[in-house]
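Data block below; observations after.
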Amino acid sequence: MSQDTEHVKCLIIGSGPAGYTAAIYAARADLKPVLYTGMIAGGQLTQTTDVENFPGYPQGIMGPEMMEDFRKQAERFGTEIRFGYVSSVDFTSTPHKVVVDETVTILADTVIISTGASAKWLGLESEQKYNGFGVSACAVCDGFFFKGHDVALVGAGDTAAEEATYLAKLCRKVYMLVRRDEFRASKAMVSRVLATPNIEVVYNTETKEIVGDGQSVTGVRVLNNKTNEEKVIDVTGFFVAIGHHPNTDIFKGIIDMDETGYIKTKPGTTQTNIEGVFCCGDAQDSVYRQAVTAAGTGCMAALEAERYLADKEYAVEAEAPAKSF
C-alpha cells in the first residue's frame with residue numbers, strides 16, 4: 001500500500017454523542033477504531049450552552065465541556081481521533097474505500113456514519129449573535145430555561161406545531177410566527193395548536209431581527225408582509241423550527257435515504273442497505289434528535305459492527321480447509 005493508504009477495522013465518520021459513543025464501544029471491543037471528527041469536532045453540542053437533560057450530570061453541563069468528556073473517554077480506550085472531513089466514499093466493494101481531505105485513502109472493514117444533522121436557520125446576523133443566549137433550534141432541549149416566560153417560535157410545519165405545544169406547557173405565552181396565512185402542518189397538529197390558549201398564532205409575519213441587550217434576547221422585530229407594518233414583540237426566547245438538514249450529502253446515490261436526506265436503517269438496527277456500513281445519531285433520526293438517543297444508537301452501531309466482523313471471521317475460519325497432520 002502507498003503511504004497515503006491505510007487499512008482499519010472500524011472507521012467512524014463524524015463526532016458528537018453518536019460518534020464518540022460508537023468509538024467508546026468499538027474501542028472496548030478491540031476494533032481499534034479511527035474517528036474523523038468532521039468540520040465541527042463534537043457536533044451540534046459544541047454550539048450549545050447548558051445541557052441539563054443528559055443523564056449523569058445532575059447540575060447540568062456546558063455542551064462543549066460534555067463533548068470534551070466524551071472525546072477523552074473514547075481516547076482512553078484507544079480510539080484514534082483525527083481532525084478531517086470525508087471527501088468521497090466508494091462502498092461498491094469490501095473493504096470500503098473512504099477518502100479523507102481528498103488526500104488520504106482509508107480501507108475500512110466497517111464504517112459507522114455519525115455525521116449528524118444541522119438546524120436550518122433564518123440567516124439573520126442577530127440570530128447567530130444570540131444563539132445559545134435566548135435563540136435556540138430545539139424546544140425540547142432548551143424550553144425549560146424559559147419556564148414562565150414569553151417566547152416566540154418561527155415555523156409552520158408539524159415540527160413547529162409540536163414544539164409550540166411543548167413550549168406552551170412551560171411558558172406563559174408562545175407567539176407562533178407563520179410566514180403565510182396558513183400552516184403547512186397536518187390538520188391534527190393545527191387543531192392542537194389552535195386549541196392551546198397560550199399560543200398566539202401571528203400570520204403573514206416575517207422575522208426581521210432578534211432584539212437583545214447584548215447579552216440575551218429581549219424581543220423580536222417582525223414585519224407583516226400584508227400591511228408592511230413592523231413591530232417588536234417582547235420575548236426572552238426565540239425558537240427556530242423550520243427544519244433540519246442531515247449532513248449526508250456525500251452519501252447520496254450510494255446509501256438509501258428518505259426524501260429529505262436522512263439515511264434509512266433497518267428497523268431496530270443501525271444497518272444500512274450496504275453490508276458493513278452502519279448509521280447512528282441524527283443522520284438517521286428525524287424524530288427525536290436528542291443527545292441521549294444519538295448516544296444510544298452509537299452504542300448499537302458499534303455492537304453491530306463488532307458482530308458483523310465476528311461473523312465474517314467465523315465464516316472464513318469455517319471455510320478454511322482442515323489441516324492434516
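Quick note on the UniProt record's numbering: the sequence shown kicks off at 1 and runs consecutively.
Glycine is no exception: its CB is placed at the ideal position from the N, C-alpha and C atoms.
Excluding the five sequence neighbours on either side, which residues of its own chain have a C-beta within less than 6 Å of the C-beta of His74, listed in chain order?
In the sequence as displayed, the identity of residue 74 is Ala instead of His. Tyr20, Ala23 and Ile24, listed in sequence order.
Can we say the stretch 119-134 touches the stretch 174-193, given the rule of at least three CB pairs closer than 8 Å?
The stretch 119-134, when compared against the stretch 174-193, does not touch it at the 8 Å Cβ threshold.
Rounded to the nearest angstrom, what separates Gly14 and Glu229 at their Cα positions?
Roughly 45 Å separates the two Cα atoms.
Do Gly243 and Ser114 have their C-beta atoms within less than 8 Å of each other?
With contacts defined as CB atoms closer than 8 Å, Gly243 and Ser114 fail to qualify as a contacting pair.
Whole-angstrom Cβ separation of Ala108 and Phe77, contact assumed at under 8 Å?
That pair is no contact at about 19 Å.
For Asp50, which residues of its own chain have a beta-carbon under 6 Å away from its beta-carbon, when the five flanking residues on both sides are left out?
Closer than 6 Å at Cβ, skipping near neighbours: Gly60.
Rounded C-beta distance between Ile233 and Tyr175? I'm assuming under 8 Å.
Correct: roughly 6 Å between the Cβ atoms.
Assuming Tyr36 contacts Val100 (C-beta within less than 8 Å), just tell me the rounded distance between them.
Correct: roughly 6 Å between the Cβ atoms.
Go through its chain and collect everything with a Cβ distance to Asn225's Cβ below 8 Å, but skip five positions before and after it.
Within the same chain, Asn225 has close Cβ partners Arg179, Asn204, Thr205 and Glu206.
If the criterion is Cβ atoms closer than 8 Å, does the pair Phe278 and Val89 meet it?
No, the Cβ-Cβ distance between Phe278 and Val89 is not below 8 Å.
The stretch 134-146 touching the stretch 207-223, judged by at least three CB pairs closer than 8 Å
Below 8 Å, enough C-beta pairs join the stretch 134-146 and the stretch 207-223 to call them touching: three or more.
With a threshold of 16 other CB atoms inside 10 Å of the CB of Ser126, please say whether the residue is buried or exposed.
Ser126 is buried by the Cβ-count criterion.
Please classify Val154 as buried or exposed, where buried requires at least 16 neighbouring CB atoms within 10 angstroms.
Flag for Val154 reads buried.
Can you find the residues in the same chain that come closer than 6 Å, C-beta to C-beta, to Val139, ignoring five residues on each side of it along the sequence?
A small fix is needed here, since residue 139 is Ala in this sequence, not Val. Cβ neighbours of Ala139 within its own chain (closer than 6 Å, five residues either side excluded): Glu163, Tyr166, Leu167 and Phe239.
Tell whether a beta-carbon distance below 8 Å holds between Ala18 and Thr297.
Yes. Within cutoff.
With a cut-off of 8 Å on the beta carbons, I'd call Thr94 and Tyr308 a contact; round off their distance for me.
Incorrect: roughly 11 Å between the Cβ atoms, too far for contact.
CA-to-CA distance, Thr159 to Gln3, given in whole angstroms:
Legend: pLDDT at Gln3 = 49, less than 50; position of this residue unreliable, no value from coordinates given.
Selected residue, minimal CA-CA separation from Gly148, among Trp121, Ser87 and Val235
Answer by Cα proximity: Val235.
Enclosing beta strand (DSSP E) for Ser88 [first to last residue]
For Ser88, the enclosing beta strand (DSSP E) stretches over residues Val86 to Asp90.
Tell whether a beta-carbon distance below 8 Å holds between Cys280 and Ala294.
The answer is yes: Cβ separation under 8 Å.
Nearest candidate by alpha-carbon position, reference Leu177, set Ala195, Gly157 and Ala188:
Of the candidates Ala195, Gly157 and Ala188, Gly157 places its Cα closest to the Cα of Leu177.
Determine the direct distance from the alpha carbon of Ala161 to that of Gly237, and round the result to whole angstroms.
Cα to Cα, the separation comes out at about 17 Å.
Distance check for Asn53 and Phe144, CA to CA, integer angstroms please.
Their Cα atoms are separated by approximately 10 Å.
Suppose you measure from the CA of Thr269 to the CA of Met300; what does that come to, to the nearest Å?
Distance between the alpha carbons of Thr269 and Met300: 7 Å.
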